[in-house]
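Q: Chains A and G are the protein sequences, given in the same order.
The numbering of the first sequence is numbering that gives the first Met the number 0, which starts it at 0 and goes up by one.
The numbering of the second sequence is numbering that gives the first Met the number 0, which starts it at 0 and goes up by one.
Beta carbons are placed, not taken as given, at the ideal position from N, Cα and C, and that holds for glycine.
Source: prediction; values computed, not measured.
Before we start, here is the structure in question, set down as C-alpha cells.
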Amino acid sequence: MTTENLDSLRDTLFAEIDNAADLDALEAIRVAALGKQGSVTGLLKGLGQAAPEDRKALGQSINTVKVAVNDALAARKDDLEAGALDAMLVEEAIDVSLPVRPHQDGCIHPISQTIDEMLAIFCEMGFEVAEGPHIETDFNNFTALNIPPEHPARQEHDTFYLPEKEDGSRLVLRTHTSPVQIRTMVAEQPPIRIVVPGRTFRADYDATHSPMFHQVEGLVIDETTHMGHLKGCLIEFCRAFFGVDDLPARFRPSYFPFTEPSAEMDIGCSREGGGLTIGAGADWLEILGCGMVHPNVLAACGIDSTKYQGFAFGLGIERAAMLKYGIPDLRTFYESDLRWLRHYGFAALDIPAVTKGV
Amino acid sequence: MLFTFSWLKEHLETDASLEEITDRLSMLGLEVEGIDDRGEALAPFVIGYVKEAKQHPNADRLQLCVVDTGNGDEQVACGAPNARTGMKGVFAPSGSYIPGSDMTLKPSKIRGEDSNGMLCSEREMGLSDDHEGIIELPDDAPVGEGWAKWAGIDDAIIDIALTPNRGDCASVRGIARDLAAAGLGTLKPLNEDKVAGSFESTIKWRRDFPAEAGDACPMVVGRTFCNVKNGVSPQWLQDRLRAIGLRPISALVDITNWSTFDLGRPLHVFDADKISGDLTMRFARSGEKLEALDEREYALEDGMIVIADEKGPQGIGGVMGGMASGCSEITTNVFLEVALFDPIRIAETGRKLGIISDARYRFERGIDPTSLAWGTEIASRLILEICGGEVSELTIAGDMPDWQQSQTLRTSRVLSLGGIDVPVAEQEQILSVLGFDPKVEGDDLNCAVPPWRPDIEGEADLVEEVLRIHGYDDIPALPLPNAAVVPNPVRSAAQDRVETIRRVLASNGLVEAVTYSFLDAKTVALFGDVPDTIRLVNPISADLDTMRPSALPNLISAIARNQAKGIENPSLFEVGPQYSDDTPDGQTTVAAGARAGHTGARNWAVAAEPVDAFHAKADVLAALAAVGAPVENLQVSTDAPDWYHPGRSGCLRLGPNVLAQFGELHPRIATAMDVDGSISVFEIFIDSIPPRKSKGGAAKPLLTLSAFQPVRRDFAFIVDEDVPAGNVLRAIRTVDRALITDAELFDVYRGKGVEDGKKSLALAITLQPKDSTMTEKEIDAVADKIVANVTKQTGGVLRS
C-alpha cells in the first residue's frame, strides 16, 4: 500500500461521506470503511505483512486516515442530524392561532368585593367582624335600640314579620344590622370595636329599594371615644374606600333613635356633564348615618352609660358599590344575570388589601 | 314639610338670603330636599300692555299684537282668543325660558310677520293647566314691572325632610325658631292675647275614658262661634296654602290648615248645628263607624279616640274629622276643637286605619301642650277676623298634663361627648335662644325643657342641641386611637373560612351570585317541608314568602333564567344563609353551587362533556381542602336529600356530621324549574366543617424526604358492581398508611372479559420506603397484603 493509494482511499471515502444522503447511507459508509470488514480496518489488519521497517510509518499513515475518516463521518452525521431535525420541525408545525383549551374563570360578586374592601380598611383601624341572625327579636331590632312600639321611626322601617307566637310576640327579619350591636354589647363589656356586614330586609320594592339589601354597621364603645373620633374614623374610611385623598366630607345633624347626637355624613361629588364623580365638586351626596350611641341603648345592654360611650354608624353596601363602581341599578345586584355578574364582578384573586389600596 | 321664604319671614326677622337660610337649615338637621325658587324662574316675565291687536294678514287664527313692554314696543304673533287691544298681560321677551313649554324663545317670523316674544297663558308659566287664553291682568298693573313680584308669586318654596324627633319643626314657627337660634335673625313674638267670649259655649266638652287611660286625651279646649260667614279665604291665606300644595276650601277649613302648618297646632272645626248635644272625647265602641272627611268609611276599634256627640262619633281624634259634622259654605255656627292626644295612640290609630293626615303627622310626633291655650286664642282671632260673628267663652275638659321637665348639662360633656370645646357662655346662649332657659350652676347648665321639645330626654340631647347650633363642621376630626400598631385580623378564623371558600369556588370557574333569602312556597315545596315559623306574614309578593331552607332553589332558578336568555353552560354559586327554623341556630352558612350544560364551550382540542356529579364533587373537595377539612378521611354516603338524583349524588361526611352534599339535580326538579339539559349542584355546610387543627402556632410539621426511590405498581380488581370504589381505595390505604402514599384509580371497566354484574377497577399504587430501597420480595409481600385486604373488605379479586 503506497501513500498515494492511501490518499486515494481517503479521498474516495471523503467523497462518499459528503455524498451520503442520509444517516443510514452514512452508517453503511462507516461500516464499509471502519467496520470489522471495512477497507481501512483491513489495511490495519494487513500491517503485519508489511516490511518491519515500513510498519511504523505505514501504521501512522493509516491511522491518520482512520481519524480523518472518523471526523468526517462525525461532521457529516451532525449535518445530517441537524437537517433531519429541521425537517422534523417543519413537519411538526401547528396553527398557533387556534384557540386554547376552554377554561372559564369564575368571579366574585360586587357585594362581596365591596364588603372585603370595607373590612380591609376597618381592619387597619382595629375593628373586628361581628355577625348575627337575620331572623331577630323585636327587642334586638327595635326596643333595645330605643325604638319603642309605635315610635314613628318604626313606620319607616317597613318590617317583614314572621308568624305571631302563642305569647303574642313576633319575630322580624332584621331591618338593619344594628341588632348585632345589641347582641355584642349584651355578650361583651367594653372596649368594643366591631363592624357588622350583612343582609337586611325591608318590605319595599321599587327602582331604588330592594326587599333584601346589605349594610355594614360599625360600633365603637370605650370610655373616651367622642364625635371627633367618629368624624376622623368615617372621613378616613370614605377617603380610603373611594380612593380620593382630598374627598370633602361634611356631617349634618340628623336623628336616629339609637344615637344621640346623630349625624348624616355627606361626601363631595360633582354632577357636571350628567355623570356622578365622587370627589371635590359642587354637590354633596349622602353616604351614611352615624352618631354617639344613645345612653338608653347602652343601658338596654347592661353597659354603664355613665362610664362608657362611643359611636355607631351604618351604610348601605350596594349603594357604596354603585357609587364606587358606577353600577346604575340596584335591582340588578340580585338578578344573577351572568353577563352582569361577569361585567361588574371581580377576579377570584383580586383580594382587597390596604397594601395595594382597596 | 313645605313652606315659603316669605312665610318664614312672618316669624323670622332676618336679612339673610334664601341661600344662607337653606344652607343653614341643612346644617341644623332640617335637611333641605328641594328649593323651588319661582321668583328666579319667573323673573324675565314683565307686565305688558297690548297697544294694538289686529288680524294677522296671512293667518286666520292669529293676531299681531304690539306690546308695550315698558322697555320699548314689540310685535308678537298671538293665537289666544282673548288677546285684544287695551288689555294687560304677561310678556315673555325673546331669550326667556318658558317653564310650562320647556322652550327658550327666539325672535322669529310667523307667516311672514316678525314675532319677538310672547304673551303667556298660565300653563306656559307652569302655574296651572289653563291654556284657554293668555293671562289677563287688571288695568292698574304697572307696565314693565316684574310680573311675578307684582303678583306675589315670586316666593321660593322650600321643602325640608323632617326627622321623626322634630315635631316642633312641622311648623313654620318652629323652623324660624331654629334659625333664630343659629343667628340668622330674631323670632317675632306671637300675639297670644286672650279673645274674650260674650256667651257661654252652646256645646261643652266632656271626657269619658277609663281611669287608667286618661292620658289618651288629657285635655281639650273648645268654643262656639255664632253667625260666621264661611266664604272663601283672603288671598294671602289662599296663596300660602296653594304654595305648599294645599287646595283652599273655605275660610274655616283654611284657617285650620294654616294653623297646622304655621304653628304646628292642628285644629278641627265642627258645624255646630250638626252636633247633637255636647261633644265627648272617648274610646270608640265596637261596631262604630265613621265616614271621614276623605269620604271613606272607617270601622273604629276600642283604643281609638273618637269625638262623639249624642248620635255617635263625629271625628277620629287627632287623625281626621267626620264628614257629617264638617263645615260647608252655609255653616253659620261653628265649634272649634283644640285638643291634646297621646302620640302613641294617634300613631296606632293612624296606622291601623291607614290614614295619613297632617294632624296625625303632628300629634304622633308630639305637639306643644301649651298650644291648647295660645292656639285657641290665635285661631279664635283669625276666625273672627275673617268670618266675623261672635265667640263664646271657652269650654275645657281635663287638665294640662305635667309636661315640665328639667335637664342638666354638664358643660364639659360638650367636649367629652361632642368632641369640641364650646365656651360655656355660647352653650348658655344657644340653649337660651332655643327656649331652654338655662341657669348656670357651677359647671352645669340647668335647663327647663320647652314644651315644644318632648324629644329632649337627657344630657346627650342637650349636647346635640349645642353642637347642632354651633355647627358639626367645627368638630375637629381625630383618628381613632389604636391600641395596637398592627391590628388583629378583622375576621375570625371561622369567618375567614367563608371568604376562602368563596374565592376558591370563583377560582374553580363558578360565578358568584347573591340571591334573596326568601322564595316562593311552591318552589320551597320541591325541596321538602319548612316549618310555618319561617313563612313571612307580610311578604312583598307571593314569590317571596318563605325563608329559604336551602340556597339551591334560587340558584337553580337563576340558571334557568340565564339559559332562557341564551347563555350556555351557566355556572353559579352563592355563599349565604339557609334557614331551618326561626332560631339563631336555625340559620346556617352554606356555599351552594350549580353547573348546567357542558363543562365548557365546544372546542377543537377537547370534547365538552355534560356536567355530572363529579364536577360538583370536585368543587366541594376543592373548597373543603382549602379550609383544611380532612378531605382524605371523609366518608362518602349515598343518602343525599330528595332534590338530588337518587343514584347520582352523595354526601361527604365525618361520621354523622355531613360536611357537604353533591350530585346531579333530581330530573323532576330540573324539569319543574325549567332547567335545560344536565345540571349538577352542591351544598357545603360551612358551619359543620371542623376547625383547622393547629398545634402551637403557624409552624408546619417538619418535612422528611425519603432518600429512596418510590415504587409504583398497577393492580386491577374485579369487584361486584355495587361495591363502591371508595371502599376498595380505603382497603388499599389501610394496609400500611405509612408505606402506601398514593392510590390512584385510573380506570373502571365493564364488558368483555369481565362477567356481568362485576366491574374491573384499575389502580396505580405508590409505595414510598423510608429506610431502604425495597426488594422485589418486600414489594410482593405488600402487594399480597393489598390483594388480601381488598378481597377481605370488598370481595374483590385480582384480575388475571
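So, L370/G versus L262/G, is the Cβ gap smaller than 9 Å?
A: The sequence shown places Ser at residue 370/G, not Leu. Yes, these two residues count as a Cβ contact at 9 Å.
Q: Use the C-beta contact count for H213/A: other C-beta atoms within 10 angstroms, 16 or more gives buried, fewer gives exposed.
A: Answer is buried; the Cβ neighbour count reaches 16.
Q: Exposed or buried, which one is Y96/G when buried takes at least 16 other CB atoms within 10 Å?
A: Y96/G should be labelled exposed.
Q: Along chain A, which residues have their Cβ under 7 Å away from the Cβ of T162/G?
A: Per Cβ cutoff of 7 Å: S253, Y254.
Q: Within the same chain, show all residues whose beta-carbon is closer than 7 Å to that of Q54/G, passing over the 5 residues directly before and after it, in chain order.
A: Around Q54/G: Q62.
Q: With H, G and I counted as helix, E and B as strand and the rest as coil, what does DSSP make of L466/G?
A: Helix.
Q: Going straight from the alpha carbon of K692/G to that of T522/G, what length do you get?
A: Those two C-alpha atoms are separated by around 39 Å.
Q: How many angstroms separate the CA atom of V379/A from the CA atom of I93/A?
A: For chain A, the structure presents residues 0 to 357; residue 379/A sits outside this window and is missing.
Q: Could you check if N256/G is buried or exposed, using at least 16 other CB atoms within 10 Å of its CB as the buried criterion?
A: Burial call: buried.
Q: Considering Cα atoms alone, identify which of R100/A, S168/A, C232/A is closest to M117/A.
A: Checking every option, the nearest Cα to that of M117/A belongs to C232/A.
Q: Excluding the 5 residues preceding and the 5 following P43/G in the sequence, name in chain order all residues of the same chain whose CB lies nearer than 8 Å to its CB.
A: Closer than 8 Å at the Cβ level, and outside the excluded window around P43/G, lie A91, P92, G94, S95, Y96.
Q: Would N295/A count as contacting chain G if we go by Cβ distances under 9 Å?
A: Interface residue, yes.
Q: What are the residues of the region 132-151 of chain A that lie near chain G, defined by any Cβ-Cβ distance shorter than 7 Å?
A: Cβ contacts with chain G come from P132, H133, I134, E149, P151.
Q: Counting only beta-carbon separations shorter than 9 Å, does D531/G have a partner in chain A?
A: Closer than 9 Å to some Cβ of chain A, the Cβ of D531/G qualifies, so yes.
Q: Pick from D783/G, K273/G, F260/G, S648/G: whose alpha carbon is nearest that of S324/G?
A: Selected option, being the one with the closest Cα: K273/G.
Q: So what's S759/G in DSSP terms, helix, strand or just coil?
A: Strand.
Q: Using three-state DSSP, classify E112/G as helix, strand or coil.
A: Note: E112/G maps to strand in three-state DSSP.
Q: Compute the distance between the beta-carbons of G105/A and A347/A, then report whether it is under 9 Å.
A: Taking 9 Å as the Cβ cut-off, G105/A and A347/A qualify as a contacting pair.
Q: I want to verify the contact list: residues of chain A whose CB lies under 9 Å from the CB of D460/G, in sequence order.
A: Per Cβ cutoff of 9 Å: E259, P260.
Q: Going by DSSP, what residue range makes up the beta strand (DSSP E) through D205/A?
A: Note, D205/A: premise wrong, no beta strand (DSSP E); not H, not E.
Q: Between A120/G and G132/G, which are expected to be in contact by the criterion C-beta below 8 Å, what is the C-beta distance as a whole number of angstroms?
A: The residue you asked about is not Ala; residue 120/G is Ser in the sequence shown. Right, their Cβ atoms sit about 7 Å apart.
Q: Taking A482/G as part of the alpha helix (DSSP H), name the residues at either end of that continuous run.
A: No alpha helix (DSSP H) contains A482/G, which DSSP labels as neither H nor E.
Q: What beta strand (DSSP E) runs, 3 residues minimum, are completely inside the region 171-224 of chain A?
A: The region 171-224 of chain A contains these whole beta strand (DSSP E) runs: 191-200, 211-221.
Q: How would you list, in chain order, the residues of chain A whose beta-carbon sits under 9 Å from the beta-carbon of P690/G?
A: Within 9 Å Cβ-Cβ: nothing; P690/G doesn't reach chain A, min ~16 Å.
Q: Answer yes or no: does any C-beta atom of chain G fall closer than 9 Å to that of V99/A?
A: So, interface residue.
Q: State the Cα-Cα distance for the pair D221/A and I234/A, rounded to the nearest angstrom.
A: So the alpha carbons of these two residues sit roughly 20 Å apart.
Q: Examine chain G for any beta-carbon lying closer than 9 Å to the beta-carbon of V357/A, and answer yes or no.
A: No - not a single Cβ of chain G is within 9 Å of the one on V357/A.
Q: Which first and last residues belong to the alpha helix (DSSP H) in which K564/G is found?
A: Run containing K564/G: none; DSSP gives neither H nor E here.
Q: Leaving aside the five residues before and after N553/G along the sequence, list all residues of the same chain whose C-beta is less than 7 Å from its C-beta, in chain order.
A: Counting only Cβ-Cβ distances below 7 Å, and skipping sequence neighbours, we find T514, Y515, L518, R547.
Q: On a CA-only basis, which of A31/A, A73/A, I28/A, Q103/A is nearest L337/A? Give me that one, please.
A: That would be Q103/A, whose Cα lies nearest to the Cα of L337/A.
Q: Which residue comes first and which comes last in the alpha helix (DSSP H) that contains M87/A?
A: Residues 51-91.
Q: Per DSSP, what are the beta-bridge partners of L11/G in this structure?
A: BP columns for L11/G point to L186/G.
Q: Any beta-carbon of chain G closer than 9 Å to the one on Y160/A?
A: Yes, because at least one Cβ of chain G sits closer than 9 Å to the Cβ of Y160/A.
Q: P645/G by DSSP, collapsed to three states: which one?
A: Strand at P645/G.
Q: Do you know how far the Cα of P80/G is from the Cα of G71/G?
A: Answer to the nearest angstrom: the Cα atoms are 24 Å apart.
Q: Can you give the Cα-Cα distance for I764/G and L797/G, rounded to whole angstroms?
A: Spanning the two alpha carbons is a distance of roughly 14 Å.
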